[in-house]
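> In the working numbering, the protein residues as written are 2 to 82.
I have a structure here, written as structure tokens, and I will follow up with some questions on it.
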């Protein structure tokens with residue numbers, strides 16, 4: 002899967018307003034704002050779980066990320082090498 006970030010506009014305001022963007026051909030009305038500071042892997046996993054329809058295996062990987070386990074990230078990297 003190729004990830005393209007060209008559809009996501011940079012966060013220019015600090016008022017916490019929703020930011021629109023797109024990912025993999027899907028558009029979103031609200032994405033995590035970079036202005037709010039760092040985001041953890043668990044927070045990103047929760048956001049992905051809500052925003053993206055996934056198959057059962059991917060859902061299990063997302064749940065592991067939400068639980069704070071980063072092993073799915075390393076497993077994917079090893080398999081691709």
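All residues carry an ideal CB built from backbone N, CA and C; glycine is no exception.
Determine whether the beta carbon atoms of residue 50 and residue 69 lie at a separation below 8 Å.
Sequence index remark: in the chain shown, residue 50 carries index 49 (1-based). Sequence index remark: in the chain shown, residue 69 carries index 68 (1-based). Taking 8 Å as the Cβ cut-off, residue 50 and residue 69 do not qualify as a contacting pair.
> Report the rounded CA-to-CA distance for residue 64 versus residue 56, giving the unit in angstroms.
The sequence position of residue 64 within the chain shown is 63, counting from 1. The sequence position of residue 56 within the chain shown is 55, counting from 1. Residue 64 and residue 56: Cα-Cα distance of roughly 12 Å.
> Distance check for residue 66 and residue 40, CA to CA, integer angstroms please.
Along the chain shown, one-based indexing puts residue 40 at 39. Along the chain shown, one-based indexing puts residue 66 at 65. Their Cα atoms are separated by approximately 13 Å.
> Residues in the same chain with beta-carbon distance under 6 Å from residue 46, minus the five sequence neighbours each way, listed in chain order, please.
Residue numbering aside, residue 46 sits at position 45 when the chain shown is read from its first letter. Correct list, in chain order: 63, 66, 67.
> Per DSSP, what kind of secondary structure is residue 41 in: helix, strand or coil?
Taking the first residue of the chain shown as 1, we reach residue 41 at position 40. Of the three classes helix, strand and coil, the one that applies to residue 41 here is coil, per DSSP.
> Can you name the start and end residues of the alpha helix (DSSP H) that residue 60 belongs to?
Against the chain shown, residue 60 aligns to sequence position 59. 57-67 is the extent of the alpha helix (DSSP H) around residue 60.
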